[in-house]
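The structure under discussion appears below in the form of C-alpha cells.
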Amino acid sequence: MSEPASPGESQRVAPRFFVGCEDDESEGLEDYDGCSMRTDMELYDEDADSPPERQIVVGICSMMKKSKSKPMTQILERLCRFEYITVVIFPEDVILNEPVDKWPLCDCLVSFHSKGFPLDKAVSYAELRNPLLINDLNTQYYIQDRREVYRILQQEGIDLPRYAVLNRDPDKPDECNLVEGEDHVEVNGEVFPKPFVEKPVCAEDHNVYIYYPTSAGGGSQRLFRKIGSRSSVYSPESNVRKTGSYIYEEFMPTDGTDVKVYTVGPDYAHAEARKSPALDGKVERDSEGKEIRYPVMLTAMEKLVARKVCLAFKQTVCGFDLLRANGHSYVCDVNGFSFVKNSMKYYDDCAKILGNIVMRELAPQFQIPWSIPTEAEDIPIVPTTSGTMMELRCVIAIIRHGDRTPKQKMKMEVRNPMFFELFDKYGGYKTGKLKLKKPKQLQEVLDIARQLLLELGDGREDCEIEEKKSKLEQLKTVLEMYGHFSGINRKVQITYLPHGQPKTSSEEEDTHKECPSLLLVLKWGGELTPAGRVQAEELGRAFRCMYPGGQGDYAGFPGCGLLRLHSTYRHDLKIYASDEGRVQMTAAAFAKGLLALEGELTPILVQMVKSANMNGLLDSDSLSGCQHRVKARLHEIMQKDQEFTEEDYDRLAPTGAASVVNSMRIVENPVMTCDQVYTLIQSLTSQIRKRLEDPKSADLQLYHSETLELMLQRWSKLERDFRMKSGRYDISKIPDIYDCVKYDVQHNPTLGLEDTLELFRLSRALADIIIPQEYGINKVEKLDIAYAYCLPLVKKIQLDLQRTHEDESVNKLHPLYSRGVMSPGRHVRTRLYFTSESHVHSLLSTFRYGGLLDEEKDQQWKRAMDYLGAVSELNYMTQIVIMLYEDNNKDPSSEERFHVELHFSPGVKGCEEEENAPMGFGFRPASAENDQKQTDPGSLEDLSRDEPDRALPLSEPMGIHRRSPLIRNRKTGSMEIFTLSARGFNLSTLRLLAQSFEGCSMVPSIYPLETLHNSLSLKQVDEFITAVCETGGDAHSRTTRGNGLLHTVENHMETVDLCWYLASKSVC
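Residues 1 to 1068 in full-length UniProt numbering are what the sequence shown lists, from first letter to last.
So this is what it looks like as C-alpha cells:
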C-alpha cells in the first residue's frame, strides 16, 4: 500500500534524528541523506534566541544491534522527516545499567524484546512515563512462549496446525503423556503420524525438528538459527527428544515455501516468500549476503488473518509465519517486532504509517496541525508480450521412474493359525486382501517365519506346519535384508482363499486341500538404484532448459530461466507420484535437480512430492478383463514351435509397428528362441554356482550391495518358473528375464559371465514383442486397456490445461515491491506426474489411437506415429511432455490464443549403443526466422533477461530443426548423461558433470525430447480429451466415477492432497 506525504510531513534537508549513545558507541553510525546524528542531550541545546518548536519525541528502546540495524536506520531516517517528530535512540548501556528514571524522556515508545533485553525494566519505564506504546510490552512475554502464542491464536479463531503440548513439569503429570511408535507419537491422547513437527516451547529456542516416516526413508530434519548458508541439517535419528517441553504439530505440505508476513498496524501487511529451511537446509543469499526473499500477494482471507494477529498480540509492528497448504493458510509462529530486510518501498510505507499513527494519537494534545491522509490505490501491473512471441503458461510431464533393481516375487500358500491371526489383526477379512508395508507389520511376518523355522528345526512332527521350509527360509532371508525396514523396498500381500489355492504352480505339491488358506505374496527389489537417482536428478536439471531464459543452456547460471521463475514465486509447481518407493524417490531426485536443491532426498520427498495413489491416477493394482484375454492370446501364439507365418504377423502386429515386426524377425521361431534362452539361463546359474565355490569370490560385492547368493536366488527362481512341468514356457516370465539380464549387463559386467550379451539380445527381442502387446494387440484392445489404466490421469491433464488460464488463486508477486523482476505478473504452471511403465504405455496409446489427429491429413502426425512405432522400449525416465503457450495479442475467444505442443522421449538408452535407433524430428522444430532471432544461448546476458519463451508461428508446423535441451550424441561412453549444446558448453559445466558422476560409473544417457506435434490448439486437445473420457467412461463406469470426484477436487482447490481427499470419501 502506498501513501502520499501527509500534511505533517516535510522534506527537510536535515531531519531531527537523535541517537542517545556514549561517545565511544557512536562509531560506525552513518549520516543518511544529511540526517544529523546527535545524542539525546543535544535535543535541548538549541540556540536560546530561537525557542525550539514543541516536538513529539519517539524513543527507540532496544538492544543496540537492533536499533543500529539497516532496516531500523532506514525507517527512522524517513520517520524523522515528519516536521514535528524527533527520534531518540536509548543507549544500550543506559538500558542495561541505569534505573528507568534516568532513561531519556519520550512521548512515544518503540520497544521490543530480543536476546539480552531487560523487558521488565521497559515495562517499569512505560508505567512510570506512560508514553504511547507502538508495541504493547506485556504481551511480549506471551510471544516468548509458543504455548501462549498458540493459545492466543486459537482464542482469536485463527487457523493453525493441529497440535498438542507436552509439558515435562513435575507439577503437571497429566500433561506429560508421551507414547512413541515407529511412525507416530501420541501426546496426551492426541496421535501425530509422521511427518510431524517438534518445537521447543521457548520461542527463543530455534531447534525445531521435523520427523519423517519410514516410508520416505525415516530420520529427521533439524532446523536451527541460520549459521552462514545453513539453516537445517538432515539426521538419521528418528526418535523424539526425551528431555524438555515441546509442542507437537502436524506437518503442513507447503511445497517447500514459507511465507513471512510483516504488519505495520492492522491495515497494512507486507508478505515475502522464501525457500523453506526444512527443504534442504541451504540458505539462498544475494550478493550482499542477505537471504533471498520475494514479495507475494496476500489473499483477502490472509489480510484478515494479519489484522487479527496484529490486534490480538497488540503489536503494531509484528512479524509472523504463514504456511500455505491444502488450499488454506495457517499461522505457525508469531515473532513480534520484525522488519522487512531489503525493500525501499516497505521502508517508505512503514515510516509513513508509523508517523501517521504517532501524529494521529499525539498531535491533538500538542496542538499540532494534522489531518488524516488518504490512501492511494495499488497500480495494477499487466504483463505484455511483443511481436509474435507467445508466453509459456503450462508444462505437464508424465515420467517413468529411473533405473531400478530387478523386481522379484515369491508366492506361498499358508495355513498356520499365526498367519490367520495377523490377517485378522489388520482387517484383512473386510476386503479379503491385505497389504503390509510398515516396519512393524513386516517385523511381525518375520517373527512368524522365524518361529515356524525354529519349530521345524527342532524336528517336531507338527501337522500344523504345512508351509514349505524352503519358502519360509526365503521369506526370512528377504525380510532380514539390509538389517532394517525402510518401508519402501519390500511388501507382503495376503489374499484370503476360502477353498485353498485353485491350482498348483511348478513349485508346489500336487496334493490340494479344499480348506481355507491364505496366499502370501512377498515382493522385494525394484528399488531405485544410485544410477537411477543420477538419471532423475540430471534430467531435472536439463528440464529447466524448456523454460523462458533457459534455451540451449544447461542451467548452470543460477539466475536464469526456471530457477529465477521458481525462486521469484511465479512458478506454480506440483509433483505427484504413485505410492511405489522407486517412483517417489525418482520424483524427489528430479525435483532436487530441477530446483537446484541440496542434501538428502527424504526432506524433498516429504515436502515436494504428493502421493497420488487413488483410483488409478498413477497406480493400478489389478488388470482389466481385456488385458487377461490379451495375455492368454499372446501365450497361445508364442507357444508355436514353428517360424512365424504371415498370419502370425497379422495376429501379433496388426498395427504394423516397426519395432514389433523387427523383433519377430529376430525371434523367428518363438519356442526355439525360448529353448535358447532357457539354456543360457542354466549356463548362467551354473557359472554363478562355480563362483560361489571359489574362495576368492566369497566376499564379492556386486552392484548396490547385492551378493552372489542373492544373484543366484533370482536367476534360479527364473530358471524354475520359466519352464513349466508340462515342458511349455511361461511367457509372462520373459519381461522378468529381460529385466534381470539388462540389470546385470549394465551393472555387473566385471563378473565376466559368458553369453550374457546373447541372453540379453534374445530376451530383448522376445520382450519387445511381449511387453508392448500386453497393453493390447490391436487398436481397439490398446484403447480399452489404456482407458482402464489412465482415464483419471487423462482427465486430470485436461483440468490442468483448462485451469491454467482460469485459476486466479495461485501465489503472485506484489508488483509494487518486486524490484528487479521485469514481469511480476508472469505465472507458469508445472505439473509433473511420476509413474510406472503401465501408465506411460497407456497414455501413449491414448494419444496414438484415440483420434487426436488424422495421419492421412496431417503429415507431421504421420511422421510422429511412424517414429513411435519404431521405438521398441519405453525405458526408464520415458517422458511425455505437453506444453501450453498463450499469445496475448490474440483475442481471448480466438482458437489461436492458446497453442499446445506434444513431446516425447523413450528414456535412457539401451545397454548397447544403438546405431539404428529411431530418429525423430528434433525438439520444437521452428522456422528459420525464429532460429535467427535467437540470441546466443551461452550468453549470460540472455539468460539473466526475464523474457517470454519464443513460440512458433502456427502457420509453419515444420521447419529447421531446433536443438533439444538434450542434444543427441551417438559416440559417447558410459559416463555420458546429456551432451550439451556446443554454444552453452563451458569448463565449469564439465566439472559439474564430473562431480555428479563420482561413484556412478555406469549411467546410460537419456534420449532427447522429440516433438510429436507443435501446432495443436487448446480447443483441439480439449475436445479430444472430452471425447476420450466419454468413450472410455461408457466402457469403464468405475473410472468415470473417480473422474467426477477428481473434478470436484479441482473445482475446490488443486492444492488439496488428492490421495487424502479421496480416502476421506471412502473411494476404493
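Think of the CB as a built atom: it goes at the ideal place given N, C-alpha and C, for glycine as much as any other residue.
*Between Glu413 and Gly500, is the Cβ-Cβ spacing less than 9 angstroms?*
For the purposes of this step, residue 413 is taken as the residue at position 413 of the sequence shown. For the purposes of this step, residue 500 is taken as the residue at position 500 of the sequence shown. In contact: Glu413 and Gly500 (Cβ atoms closer than 9 angstroms).
_Whether Ser611 touches Lys438 by CB criterion (9 angstroms)_ = Within the sequence shown, the letter at position 611 stands for residue 611. Within the sequence shown, the letter at position 438 stands for residue 438. Not closer than 9 angstroms, so no.
_Three or more C-beta pairs below 8 angstroms linking the region 863 to 877 and the region 901 to 912_ = yes
*Look at the alpha carbon of Asp854 and the alpha carbon of Ile1025, and state the distance between them as a whole number of angstroms.*
Taking the first residue of the sequence shown as position 1, residue 854 is located at position 854. Taking the first residue of the sequence shown as position 1, residue 1025 is located at position 1025. For Asp854 and Ile1025, the distance between alpha carbons rounds to 15 angstroms.
*Start-to-end residues for the alpha helix (DSSP H) that takes in Asn356*: Looking up residue 356 in the sequence shown gives position 356. Per DSSP, Asn356 belongs to the alpha helix (DSSP H) from Met344 to Leu362.
*Put Lys1003 into one of helix, strand or coil per three-state DSSP.*
As a position in the sequence shown, residue 1003 is number 1003, starting the count at 1. Reading off the sequence shown, one finds Val at residue 1003, where the question assumed Lys. Coil, per DSSP.
*Cα-Cα separation between Gln1020 and Leu852, rounded to whole angstroms*: Position 1020 of the sequence shown, counted from the start, is the residue given in the question as residue 1020. Position 852 of the sequence shown, counted from the start, is the residue given in the question as residue 852. So the alpha carbons of these two residues sit roughly 8 angstroms apart.
*Contact set for Glu901: own chain, Cβ-Cβ below 6 angstroms, skip 5 residues either direction*: Sequence index remark: in the sequence shown, residue 901 carries index 901 (1-based). Excluding positions up to five away in sequence, the list reads Met883 and Asn1014.
*In three-state terms, what does DSSP make of Ser36?*
Along the sequence shown, read from residue 1 onward, the residue named residue 36 stands at position 36. Model confidence at Ser36 stands at a pLDDT of 36, short of 50, so the residue's coordinates are unreliable; what they give is reported in the following sentence. Here Ser36 sits in strand by DSSP.
*Identify whether Trp370 lies in helix, strand or coil by the three-state DSSP scheme.*
Along the sequence shown, one-based indexing puts residue 370 at 370. Three-state result, Trp370: coil.
*Please name the residue or residues paired with Cys318 in a DSSP beta bridge.*
As a first step, residue 318 is located in the sequence shown; it is residue number 318 there, counting from the start. In DSSP, Cys318 forms a bridge with Thr263.
*Cβ shell of Ala767 (< 6 angstroms), same chain only, five flanking positions each side left out*: Looking up residue 767 in the sequence shown gives position 767. So the qualifying residues of the chain are Ile734, Pro735 and Tyr738.
*asked:* To the nearest angstrom, how far is the alpha carbon of Leu472 from that of Leu452?
replied: Position 472 of the sequence shown holds residue 472. Position 452 of the sequence shown holds residue 452. Those two C-alpha atoms are separated by around 8 angstroms.
*Output the distance between the C-alpha atoms of Asp107 and Ile75, rounded to the nearest integer angstrom.*
Numbered from its first residue, the sequence shown carries residue 107 at position 107. Numbered from its first residue, the sequence shown carries residue 75 at position 75. When rounded, the distance between both Cα atoms is 18 angstroms.
*For the region 566 to 604, which segments carrying the beta strand (DSSP E) assignment without a break, of at least 3 residues, lie completely within its bounds, in sequence order?*
571 to 577
*For Asn1014, the first and last residue of its enclosing beta strand (DSSP E)*: The sequence position of residue 1014 within the sequence shown is 1014, counting from 1. From DSSP, the beta strand (DSSP E) with Asn1014 extends over Glu1010 to Ser1017.
*Check whether the Cβ atoms of Gly1033 and Leu791 lie closer than 9 angstroms to each other.*
Here residue 1033 is taken as the residue at index 1033 of the sequence shown, counted from 1. Here residue 791 is taken as the residue at index 791 of the sequence shown, counted from 1. Taking 9 angstroms as the Cβ cut-off, Gly1033 and Leu791 qualify as a contacting pair.
*Kindly indicate which residue of Ala542, Arg490 and Leu652 has the alpha-carbon position closest to the one of Gly581.*
Sequence index remark: in the sequence shown, residue 581 carries index 581 (1-based). Minimum Cα distance to Gly581 is reached at Arg490.
*asked:* Less than 9 angstroms between the C-beta atoms of Ile398 and Thr835, yes or no?
replied: Stepping through the sequence shown from its first residue, residue 398 is reached at position 398. Stepping through the sequence shown from its first residue, residue 835 is reached at position 835. Yes, the pair counts as a contact, with Cβ atoms nearer than the cut-off.
*Counting only the same chain and skipping the five closest in sequence on each side, list residues whose C-beta sits under 8 angstroms from that of Gly427.*
Start at 1 with the first residue of the sequence shown, and residue 427 comes out as number 427. Same-chain partners within the cutoff: Leu434.
*What's the gap between the Cα of Val828 and the Cα of Cys394?*
As a position in the sequence shown, residue 828 is number 828, starting the count at 1. As a position in the sequence shown, residue 394 is number 394, starting the count at 1. Near 6 angstroms, if we compare the C-alpha coordinates of Cys394 and Val828.
*Between Ser386 and Thr655, what straight-line distance do the alpha-carbon atoms span, to the nearest angstrom?*
By one-based count along the sequence shown, residue 386 stands at place 386. By one-based count along the sequence shown, residue 655 stands at place 655. With a pLDDT of 27 at Ser386, under the threshold of 50, the predicted position of this residue should be treated as unreliable, though the coordinate-derived value follows. Straight-line Cα distance between these residues: approximately 45 angstroms.
*If you drop the 5 nearest sequence neighbours on each side, which residues of the same chain put their C-beta closer than 6 angstroms to that of Lys121?*
Translated into the one-based positions of the sequence shown, residue 121 becomes position 121. The answer, listed in chain order, is Val100.
*Can you list, in chain order, the residues of its chain whose CB lies under 6 angstroms from that of Phe904, leaving out five sequence neighbours each side?*
On the sequence shown, residue 904 is found 904 positions in, with the first residue counted as 1. Taken in chain order, the residues that qualify are Ile880, Glu1010 and Leu1012.
*asked:* Just to confirm before moving on: does the CB-CB distance between Ala325 and Pro253 stay below 9 angstroms?
replied: To locate residue 325, count along the sequence shown from 1; it is residue 325. To locate residue 253, count along the sequence shown from 1; it is residue 253. Contact: yes.
*Could you check what DSSP says for Ser697 in three-state terms: helix, strand or coil?*
By 1-based counting over the sequence shown, the position of residue 697 is 697. Helix.
_Tell me which residues share the same chain as Ala786 and place their Cβ nearer than 6 angstroms to its Cβ, disregarding the 5 neighbours each side in the sequence._
In the sequence shown, counting from the first residue as 1, residue 786 sits at position 786. Here the set comprises Ser842, Ser845 and Thr846.
*Going by DSSP, name the residue or residues bridged to Pro193.*
Working through the sequence shown from its first residue, we reach residue 193 at position 193. Paired residue(s): His184.
*asked:* For chain B, check one thing: does any of its Cβ atoms lie closer than 9 angstroms to the Cβ of Lys1019?
replied: Annotation note: the requested chain B is absent from the structure, which comprises a single protein chain.
*asked:* Using the three-state DSSP reduction, which class does Gln74 fall into: helix, strand or coil?
replied: On the sequence shown, residue 74 is found 74 positions in, with the first residue counted as 1. In this structure, Gln74 counts as helix in the three-state DSSP scheme.
*Buried or exposed for Ser705, please, with buried defined as at least 16 other CB atoms from any protein chain shown within 10 angstroms of its CB.*
Translated into positions along the sequence shown, residue 705 becomes position 705. Under this definition Ser705 is an exposed residue.
_Helix, strand or coil at Leu434 [DSSP, three-state]_ = Here residue 434 refers to the residue found at position 434 when the sequence shown is read from its first residue. Looking at Leu434 - three-state DSSP - the assignment turns out to be strand.
_Assuming contact is defined by CB atoms lying nearer than 9 angstroms, are Tyr867 and Met919 in contact in what I supplied?_
For the purposes of this step, residue 867 is taken as the residue at position 867 of the sequence shown. For the purposes of this step, residue 919 is taken as the residue at position 919 of the sequence shown. Yes, the pair counts as a contact, with Cβ atoms nearer than the cut-off.
*What residues are listed by DSSP as bridge partners for Glu250?*
The residue given as residue 250 occupies position 250 in the sequence shown. Answer is Phe196.
*Grab the span of the beta strand (DSSP E) containing Glu391 for me, first residue to last.*
Here residue 391 corresponds to residue number 391 of the sequence shown, with the count starting at 1. Looking at the DSSP string, the run of the beta strand (DSSP E) that includes Glu391 is Glu391 to Arg400.
*Could you spell out the range, first to last residue, of the alpha helix (DSSP H) harbouring Trp861?*
Along the sequence shown, read from residue 1 onward, the residue named residue 861 stands at position 861. Residues Gln859 to Ala870.
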